[in-house]
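Here the structure is laid out as structure tokens; the discussion comes afterwards.
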């Protein structure tokens, strides 16, 4: 049965959640018509006969305190894309109002706008939590924020999460029936076969590191590895250079470490890697399934994942034991020596 679905995604096809939403949209277009409510921050180059973009401006976003006060005065949930949410409410697809609205977050402003659209047109609301609220490695959200979120959850007919662990964690903070929640795994990109890397010495980490995902163990482990393999290189792509420089003195320095800026051309970096690295925050419960790990597993490169025991990533790695190594203890000497694709794991 075909449906007309309104997908609400501020960062469509851009950044982790937007990329995940873009892959989902491409899969849904086999059967359904889609209207994408998005912003100027999105990427809208992809075209399809059953796809229509509705783009609203997202600026200004400051002063944030004023927009929060305005939202509360109007009895609406606040978000850091408040004006954008107000604007998309006035946009109507050329083929009519969608049969339902599906808000995809992060950021949570996508949920706020989807809930408003669903109320305005008396349509079913679905919400997707790419990460839980509040994330377990960040400060707790304010009481008003969580109350606003609970009202949207109450309005929704279905909630989707990337794994079962997130469903259980989220129910500690929001009230909803378990049969209202569904696991919607990340959709992987097409598989790529790059062939042998140019060198067997380059370890690549793609993505962010910082206080909520400390890279100390990765950097220190790499320098221990270099005591045996001096020509090894560790390459960070899209990580904060300022943060890495701040922790470098206690982790062995930055010799043979390269820090590259963010790039949307991740395939070229994965092709260059001898080993791809994944690093989860050492938190319990572990709930994250990163977009990065799904992309890693779709190419012909070995993967080293540092992740808590029993985490979603830990469980996922068991499906590819010949090409993955998992380190569960966050200690430099925790890893075992492993030979694969001509390399050794750095921990």
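Numbering (the working numbering), first residue to last: 6 to 352. Glycine included, C-beta positions come from ideal geometry on N, C-alpha and C.
Where residue i falls: helix, strand or coil (DSSP)
i	result
residue 9	strand
residue 233	coil
residue 207	strand
residue 291	coil
residue 251	helix
residue 90	helix
residue 178	coil
residue 77	helix
residue 162	coil
residue 51	coil
residue 109	strand
residue 192	coil
residue 214	coil
residue 310	strand
residue 66	coil
residue 227	helix
residue 72	helix
residue 336	coil
residue 145	coil
residue 153	helix
residue 325	coil
residue 347	Confidence at residue 347 is low in this model, with a pLDDT of 34, below 50, so its placement is unreliable and the value that follows should be read with caution. Of the three classes helix, strand and coil, the one that applies to residue 347 here is coil, per DSSP.
residue 258	coil
residue 383	For residue 383 there is no data in the structure shown, the boundaries of the chain being 6 and 352.
residue 32	helix
residue 221	helix
Neighbourhood of residue i by C-beta distance below 6 Å, restricted to the same chain and skipping five residues each side
i	result
residue 186	164 and 172
residue 322	310, 329 and 331
residue 294	167, 168 and 317
residue 92	61
residue 282	208, 210 and 309
residue 38	9 and 55
residue 21	296
residue 98	40 and 57
residue 228	257
residue 180	none
residue 337	225, 226 and 229
residue 110	116
residue 153	82
residue 335	222 and 287
residue 248	215
residue 262	239
Chain-order list of residues whose beta-carbon lies under 7 Å from that of residue i (same chain, five-residue window excluded)
i	result
residue 400	With the chain covering 6 to 352 only, the question about residue 400 has no answer from this structure.
residue 159	none
residue 162	129, 130 and 131
residue 90	84, 114, 117, 118 and 121
Proximal residues to residue i (C-beta, below 8 Å), its chain only, five neighbours per side dropped
i	result
residue 28	191, 192, 193 and 194
residue 65	88
residue 24	18 and 296
residue 128	11, 102, 103, 104, 105, 106 and 122
residue 288	141, 142 and 313
residue 125	94
residue 155	179 and 180
residue 252	219, 220, 221 and 224
residue 359	Shown here, the chain extends from 6 to 352; a query on residue 359 therefore has no answer.
residue 267	242 and 243
residue 325	302 and 308
residue 73	83 and 87
Sheet register partners of residue i (DSSP bridge)
i	result
residue 197	304
residue 267	Per DSSP, none; premise fails for residue 267.
residue 170	Answer is none; residue 170 lacks a bridge partner.
residue 60	43
residue 240	209 and 263
residue 187	165
residue 38	9
Host beta strand (DSSP E) of residue i (start-end)
i	result
residue 17	Where residue 17 is concerned, there is no enclosing beta strand (DSSP E), given that its DSSP letter is neither H nor E.
residue 283	280-284
residue 134	130-134
residue 329	329-332
Range of the contiguous alpha helix (DSSP H) that encloses residue i
i	result
residue 97	Counting along the chain, residue 97 falls outside any alpha helix (DSSP H), and DSSP gives it neither H nor E.
residue 114	114-126
residue 321	317-322
Check whether the stretch 8-17 and the stretch 64-82 touch, using three or more Cβ-Cβ pairs below 8 Å as the test.
no
Do the stretch 215-223 and the stretch 251-258 make contact, defined as three or more Cβ pairs closer than 8 Å?
yes
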